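Trainee:
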Amino acid sequence: MNAEATPGRERLIEQFKADGLKVMFGNPGTVEQGFLDAVDAAADFRYVLALQETVAAGIADGYARATGGAALLQLHSGVGLGNGIGMLYQSLRGHTPLVVVAGDAGVRYDAMDAQMASDLVAMARPVTKYATRVTDPRSVLRTVRRAVKIALTPPRGPVFVALPMDVLDELNSEPVLPATVPLTDVAPSPASVGRAAALLAGAARPVVLVGDGVALSGAQAELVAVAELLGADVFEVDSSEVNIAASHPLRRGQTGHMFGPHSKELVGNADAVLIVGTYVFPEVFPELENPFRPGAKVVHIDLNAYEIAKNHPVDLGLAADPRHALRALAGVLDQRLTPAQRAAAAARLDVRTRERARAELAADDDGTPMAVFLRTLAERTGRDLIVFDEALTTSPLVTRYLPPERPGDYHLTRGGSLGVGFPGAVGAKLAHPDRLVVGFAGDGGTMYTHQALWTAARYGIDAKFVVCNNRKYRLLDDNIAQYWRERDIAEHPYPGSFDLAHPEIDFAGLARALGADGTRVEKPDEAVAAVARMLAHPGPYLVDIQI
Numbered sequence: 005m006n007a008e009a010t011p012g013r014e015r016l017i018e019q020f021k022a023d024g025l026k027v028m029f030g031n032p033g034t035v036e037q038g039f040l041d042a043v044d045a046a047a048d049f050r051y052v053l054a055l056q057e058t059v060a061a062g063i064a065d066g067y068a069r070a071t072g073g074a075a076l077l078q079l080h081s082g083v084g085l086g087n088g089i090g091m092l093y094q095s096l097r098g099h100t101p102l103v104v105v106a107g108d109a110g111v112r113y114d115a116m117d118a119q120m121a122s123d124l125v126a127m128a129r130p131v132t133k134y135a136t137r138v139t140d141p142r143s144v145l146r147t148v149r150r151a152v153k154i155a156l157t158p159p160r161g162p163v164f165v166a167l168p169m170d171v172l173d174e175l176n177s178e179p180v181l182p183a184t185v186p187l188t189d190v191a192p193s194p195a196s197v198g199r200a201a202a203l204l205a206g207a208a209r210p211v212v213l214v215g216d217g218v219a220l221s222g223a224q225a226e227l228v229a230v231a232e233l234l235g236a237d238v239f240e241v242d243s244s245e246v247n248i249a250a251s252h253p254l255r256r257g258q259t260g261h262m263f264g265p266h267s268k269e270l271v272g273n274a275d276a277v278l279i280v281g282t283y284v285f286p287e288v289f290p291e292l293e294n295p296f297r298p299g300a301k302v303v304h305i306d307l308n309a310y311e312i313a314k315n316h317p318v319d320l321g322l323a324a325d326p327r328h329a330l331r332a333l334a335g336v337l338d339q340r341l342t343p344a345q346r347a348a349a350a351a352r353l354d355v356r357t358r359e360r361a362r363a364e365l366a367a368d369d370d371g372t373p374m375a376v377f378l379r380t381l382a383e384r385t386g387r388d389l390i391v392f393d394e395a396l397t398t399s400p401l402v403t404r405y406l407p408p409e410r411p412g413d414y415h416l417t418r419g420g421s422l423g424v425g426f427p428g429a430v431g432a433k434l435a436h437p438d439r440l441v442v443g444f445a446g447d448g449g450t451m452y453t454h455q456a457l458w459t460a461a462r463y464g465i466d467a468k469f470v471v472c473n474n475r476k477y478r479l480l481d482d483n484i485a486q487y488w489r490e491r492d493i494a495e496h497p498y499p500g501s502f503d504l505a506h507p508e509i510d511f512a513g514l515a516r517a518l519g520a521d522g523t524r525v526e527k528p529d530e531a532v533a534a535v536a537r538m539l540a541h542p543g544p545y546l547v548d549i550q551i
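Just so it is clear: in the sequence shown, position 481 is 485 by my numbering, and no numbers are missing.
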């Protein structure tokens, strides 16, 4: 018990440090000035300044994803929270454990309805797991501990605590104790695992659908063991981490996040479906009818019981840790499978292995500036780098040359809005200063959060940035083309609002204006030199590649 009382703003910092939160990302404001003054004076505590709250939130998100733990984000009252909400939605959909704090002028002013007065909790609630406001100086630390616990308990996600200035100015004698995060490594009962094995073992066309719950659990090896025993194709659903190595022959890629009929086509012929660590399905335009064929056996394993059978019925739902559940399932399948079932599974795996080998032999470098750049980067680095991928329509090319193989080496955008790639790379580089980190973004996404380059330059964060520059919101072109096809609308020029070509954006010049450096690549023979300059440059560096 800490007997001596100190101002709440100082004690709060000690609480953050007790929970391992020693870096705070943010953008300052007047109502947080006392707290931020204390931050400047605090030992072993670092403030990373961003020029806009969206950028601060994106850097915090990238830092949390790269460390595997929580990250601390400070926003400024209602206006700052409003600026950050789009990025917080990304964190909510991606289950990033952000601890978000924002100040207000004070509880004493609540009745005045003064400038900047807003209901911060109501604003934050739709984009967080938990949102609250502290109104008593005796409950500052206990509330923060509760928020940290909720953020880190699966399903993980952002939390929000409003901290009025007068509450933080009061003397505080609360004990500084680390938050207690409950262990959730729950194993299913042997009977439940036996039921799951019985449903899956005899399948002739099994499919496994996986998401980031696998990565959070560290269940990649267990997933591969089950998939190989079943000879099942593995599709990633709402997946942004490495849940199965890209090179594994059973990995068939992402189902996608836009159109339900595409996902239905991928799973519609399966006679058994195992869903692990994700929900079905995350598309913007989902299939309203059950996408699984009649009679298909469906087993869903997830720590997030809310997602099990949320949209479509399943035969068995197991609220359990994916690693423990898959390990147990592999053991039972290994004992249960008949020689004929093993042979059929091995044959399916062999087919996919031969298909993968043929595809690799057929893959040619198309000679475009982007392909040459990526091939050269892969060769120069031996693919030993961390990729933060918001390349969107260029992502297939990025992952062809820099395939997501090892957990922690690849992070994909999620949540549906732009602006994640560059701040995410800054956060990842802060988390791993000894690793090469490259963030990829389209030209549209770059302009959402280009201020991240300034933060990287200010703190000497040696991240690298690549603009996949097609002078348009290309994904919108692709999506409206699908819309036209579905509604029998004749093709015609894309909406002018999708075009970013006029006036042309000088991204290398923009990087220099923000304290970084950069170059523009227009021709394939310029790409090789651009990789060399980027890797040799001691600091943040941007390469603008024309597509």
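Glycine included, C-beta positions come from ideal geometry on N, C-alpha and C. Computed from a prediction, not measured in an experiment: that's the story for all the values here.
1) Comparing C-alpha positions only, which one of Gly464, Ala429, Gly84 and Pro544 sits nearest to Ala30?
2) According to the Cβ coordinates, are Val197 and Leu77 closer than 9 Å?
3) Give the straight-line distance between the Cα atoms of Gln587 and Glu269, rounded to the nearest whole angstrom.
4) Classify Trp458 as buried or exposed, calling it buried when 16 or more other Cβ atoms lie within 10 Å of its own Cβ.
5) Note down, one range per segment and in chain order, each alpha helix (DSSP H) of at least 4 residues found wholly within the segment 146-221.
6) Going by other Cβ atoms of all chains shown within 10 Å of its Cβ, with 16 needed for buried, is Ser95 buried or exposed?
7) Since Val131 and Thr147 should fall inside the 8 Å C-beta cutoff, what is the C-beta to C-beta distance between them, to a whole number of angstroms?
8) Buried or exposed for Ile493, going by 16 or more other Cβ atoms inside 10 Å?
9) How about the segment 10-21 and the segment 397-416: do they share at least three Cβ pairs that are nearer than 8 Å?
10) Give the secondary structure of Val138 by DSSP, where H, G and I count as helix, E and B as strand, and everything else as coil.
11) Can you tell me where the beta strand (DSSP E) holding Asn473 begins and where it ends?
12) Could you pull out every unbroken beta strand (DSSP E) segment of at least 3 residues lying fully inside the segment 45-117, listed in chain order?
13) In chain order, what residues of the same chain have a beta carbon less than 7 Å from the beta carbon of Met251, not counting five sequence neighbours either side?
14) Could you tell me if Arg69 is buried or exposed, where buried requires 16 or more neighbouring beta carbons within 10 angstroms of its beta carbon?
15) Going by Cα to Cα distance, which pick from Leu422, Gly464, Gly420 and Phe426 is closest to Pro437?
16) If contacts are defined as beta-carbon pairs under 8 Å, then Ala135 and Gln345 qualify, I think. What distance do you get, rounded to the angstrom?
17) What is the DSSP secondary structure of Ala461, reduced to helix, strand or coil?
18) Quick one: any contact between the segment 220-232 and the segment 358-366, if contact means 3 or more CB pairs under 8 Å?
19) DSSP state of Arg346, grouped into three classes?
20) Is the Cβ-Cβ distance between Pro182 and Val103 less than 9 Å?
21) Would you check if the distance between the CB atom of Leu254 and the CB atom of Asp237 is smaller than 9 Å?
22) Nearest to Gln258 by alpha carbon, out of Pro528, Met91, Val214 and Gly443?
23) In this structure, what does DSSP give as the bridge partners for Phe2?
24) Measuring CB to CB, does Ser399 end up less than 9 Å from Phe444?
25) Per the contact definition of three or more C-beta pairs closer than 8 Å, is the segment 340-357 in contact with the segment 238-250?
26) Which of the three DSSP states, helix, strand or coil, is assigned to Gly543?
27) Near Glu526, which residues of its chain fall below 8 Å by C-beta distance, leaving aside the five closest residues on each side in sequence?
28) Closer than 8 Å: is that where the CB of Asp482 sits relative to any heavy atom of the ligand GTP?
29) If you draw a straight line from the alpha carbon of Asn532 to that of Arg524, how long is it in whole angstroms?
30) Does DSSP classify Arg297 as helix, strand or coil?
31) Just tell me which of Ile154, Arg160 and Arg112 has its CA closest to the CA of Thr139.
32) DSSP three-state call for Glu495: helix, strand or coil?
33) With a Cβ-Cβ cutoff of 9 Å, do Arg475 and Asp447 count as a contact?
34) Specify, as a first and last residue, the run of the alpha helix (DSSP H) that His328 falls within.
35) Could you give the first and the last residue of the continuous beta strand (DSSP E) run that contains Gln119?
36) Can you give the beta carbon distance from Gly281 to Gly371, rounded, assuming they're within the 8 Å contact cut?
Mentor: Put simply:
1) Working through the sequence shown from its first residue, we reach residue 30 at position 26. Here residue 30 is Gly; the residue named in the question, Ala, does not match the sequence. Considering only alpha carbons, the answer is Gly84.
2) Numbered from its first residue, the sequence shown carries residue 197 at position 193. Numbered from its first residue, the sequence shown carries residue 77 at position 73. Annotated as distal: Val197 and Leu77, with beta-carbon spacing of 9 Å or more.
3) The structure shown does not extend to residue 587, since the chain is modelled only from 5 to 551, so the question has no answer here.
4) If you number the sequence shown from 1, residue 458 lands on position 454. Counting C-beta atoms within 10 angstroms of its own C-beta, Trp458 has 16 or more neighbours from the protein chains shown and is therefore classed as buried.
5) The DSSP assignment places complete alpha helix (DSSP H) segments of no fewer than 4 residues inside the segment 146-221 at 169-173, 194-204 and 216-221, in order along the chain.
6) Against the sequence shown, residue 95 aligns to sequence position 91. Buried is the label assigned to Ser95, since at least 16 other Cβ atoms lie within 10 Å of its Cβ.
7) Counted from its first residue, the sequence shown places residue 131 at position 127. Counted from its first residue, the sequence shown places residue 147 at position 143. About 19 Å separates the beta carbon of Val131 from that of Thr147, a gap too long to meet the 8 Å contact definition.
8) In the sequence shown, the residue the question calls residue 493 occupies position 489. Its Cβ having fewer than 16 others within 10 Å, Ile493 is exposed.
9) Verdict: no, contact absent.
10) For the purposes of this step, residue 138 is taken as residue 134 along the sequence shown, with counting starting at 1. Residue state, collapsed to three classes: coil.
11) Position 469 of the sequence shown holds residue 473. Element bounds for Asn473: Lys468 to Asn473.
12) Here the runs fully enclosed are 50-53, 75-79 and 102-108.
13) Here residue 251 refers to the residue found at position 247 when the sequence shown is read from its first residue. Reading off the sequence shown, one finds Ser at residue 251, where the question assumed Met. If we look at Ser251 and ignore the five residues flanking it on each side, its Cβ neighbours are Pro407 and Glu409.
14) Locating residue 69 in the sequence shown gives position 65, where the first residue counts as 1. Buried, because 16 or more other Cβ atoms sit within 10 Å of the Cβ of Arg69.
15) By one-based count along the sequence shown, residue 437 stands at place 433. Closest in alpha carbon position to Pro437, among Leu422, Gly464, Gly420 and Phe426, is Gly464.
16) As a working mapping, residue 135 is identified with position 131 in the sequence shown. As a working mapping, residue 345 is identified with position 341 in the sequence shown. Not really, about 50 Å apart at Cβ, beyond 8 Å.
17) The residue labelled residue 461 in the question sits at position 457 within the sequence shown. The answer is helix: DSSP assigns Ala461 an H, G or I state.
18) No: fewer than three Cβ pairs fall under 8 Å.
19) Along the sequence shown, one-based indexing puts residue 346 at 342. Helix at Arg346.
20) Translated into the one-based positions of the sequence shown, residue 182 becomes position 178. Translated into the one-based positions of the sequence shown, residue 103 becomes position 99. Not in contact: Pro182 and Val103 (Cβ atoms no closer than 9 Å).
21) Translated into the one-based positions of the sequence shown, residue 254 becomes position 250. Translated into the one-based positions of the sequence shown, residue 237 becomes position 233. Taking 9 Å as the cut-off, the Cβ atoms of Leu254 and Asp237 count as close.
22) One-based indexing of the sequence shown puts residue 258 at position 254. Sorting Pro528, Met91, Val214 and Gly443 by C-alpha distance to the C-alpha of Gln258 places Val214 at the top.
23) Coverage of the chain is limited to positions 5 through 551, which leaves residue 2 absent and any answer about it impossible.
24) For the purposes of this step, residue 399 is taken as the residue at position 395 of the sequence shown. For the purposes of this step, residue 444 is taken as the residue at position 440 of the sequence shown. Yes. Within cutoff.
25) With contact defined as three or more Cβ pairs closer than 8 Å, the segment 238-250 and the segment 340-357 are not in contact.
26) Locating residue 543 in the sequence shown gives position 539, where the first residue counts as 1. Correct three-state label for Gly543: coil.
27) Here the question's residue 526 lines up with position 522 in the sequence shown. So the qualifying residues of the chain are Pro373 and Gln550.
28) With respect to the ligand GTP, the structure offers nothing, as it holds no ligand at all.
29) As a first step, residue 532 must be located in the sequence shown, where it is residue number 528. As a first step, residue 524 must be located in the sequence shown, where it is residue number 520. The question names Asn, but residue 532 in the sequence shown is Val. Their backbone Cα atoms lie some 12 Å apart in a straight line.
30) Counting from one through the sequence shown, the residue named residue 297 turns up at place 293. In the displayed model, Arg297 falls within coil according to three-state DSSP, outside both helix and strand.
31) Counting from one through the sequence shown, the residue named residue 139 turns up at place 135. When only C-alpha atoms are compared, the closest one is Arg112.
32) In the sequence shown, residue 495 corresponds to position 491, counting from 1. Three-state DSSP puts Glu495 in coil, outside helix and strand.
33) As a working mapping, residue 475 is identified with position 471 in the sequence shown. As a working mapping, residue 447 is identified with position 443 in the sequence shown. Taking 9 Å as the Cβ cut-off, Arg475 and Asp447 qualify as a contacting pair.
34) The residue labelled residue 328 in the question sits at position 324 within the sequence shown. DSSP places His328 in the uninterrupted alpha helix (DSSP H) bounded by Pro326 to Arg340.
35) To locate residue 119, count along the sequence shown from 1; it is residue 115. No beta strand (DSSP E) contains Gln119, which DSSP labels as neither H nor E.
36) Residue 281 sits at position 277 when you count from the first residue of the sequence shown. Residue 371 sits at position 367 when you count from the first residue of the sequence shown. With 8 Å as the limit, Gly281 and Gly371 do not qualify as a contact, their Cβ atoms being about 39 Å apart.
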